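When you line the sequence shown up against my numbering, it's residues 142 to 284, in that order.
Where a beta carbon is used, it is the ideal one built from N, C-alpha and C, also for glycine.
Just so it is clear, the structure is predicted and the values come from calculations on it, not from any experiment.
Some notes on the structure that comes next.
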Amino acid sequence: MQGLFLGLFLNASDFKSMDNKQLLEQAGKVAPSEVPEFRAEVNKRLAVMKEEDRKNYKADFKKAMDKNLASLSQEDRNKRKKEILEAIANKKKTMTMKEYRQERLDLHDCACEGPFHNHEKKGKKGKNQAIISINALGCANFF
Numbered sequence: 142m143q144g145l146f147l148g149l150f151l152n153a154s155d156f157k158s159m160d161n162k163q164l165l166e167q168a169g170k171v172a173p174s175e176v177p178e179f180r181a182e183v184n185k186r187l188a189v190m191k192e193e194d195r196k197n198y199k200a201d202f203k204k205a206m207d208k209n210l211a212s213l214s215q216e217d218r219n220k221r222k223k224e225i226l227e228a229i230a231n232k233k234k235t236m237t238m239k240e241y242r243q244e245r246l247d248l249h250d251c252a253c254e255g256p257f258h259n260h261e262k263k264g265k266k267g268k269n270q271a272i273i274s275i276n277a278l279g280c281a282n283f284f
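Here's what the structure looks like:
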């Protein structure tokens with residue numbers, strides 16, 4: 142019951158005060174509207190971990206995520222995914238591409254730093270400008 146209340150009253154500043162184990166326990170429990178902040182915090186921590194620690198933490202994170210989302214129906218998973226994508230899109234509207242990448246929310250490899258834009262040309266994609274689908278990455282289900 143205490144975990145339920147913790148999950149209901151979390152806000153972005155609380156993620157910074159959690160240790161890695163506490164963040165791990167929140168995988169899949171975070172409200173969709175808070176996923177961008179949660180994801181940014183997890184990615185900041187992953188960036189400073191040694192390679193082996195990062196690999197292990199990601200594996201543990203996936204296990205925790207799978208466990209915490211196991212009780213959701215496919216319909217609920219799809220609804221959650223849609224809400225997460227909307228939260229990321231809303232956050233994206235307030236940021237430059239550089240800021241978006243710094244928070245590790247970036248889903249493509251454009252190196253531009255200005256406002257968001259689309260590099261796709263009719264029938265053609267640049268070698269280094271391919272856009273990666275969020276579905277291909279599983280990002281919405283990862284957090």
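For residue j and residue i, the rounded distance between their alpha carbons
i	j	result
Glu182	Lys234	19 Å
Lys263	Ile225	For Lys263, the pLDDT reaches just 47, beneath the cut-off of 50, and the residue's location in the model is therefore unreliable, leaving the point undetermined.
Asn231	Thr237	12 Å
Ala188	Asn197	13 Å
Arg180	Lys191	19 Å
Asp201	Arg195	10 Å
Glu193	Arg242	23 Å
Lys203	Ser174	20 Å
Glu240	Ser158	22 Å
Contact check, residue i vs residue j, beta carbons under 8 Å
i	j	result
Ala205	Ala168	yes
Leu164	Phe156	yes
Arg186	Asn161	yes
Ala211	Pro177	no
*asked:* In chain order, what are the residue ranges of uninterrupted alpha helix (DSSP H) at least 4 long that sit wholly in the region 207-244?
replied: DSSP runs (the alpha helix (DSSP H)) wholly in the region 207-244: 215-233, 238-243.
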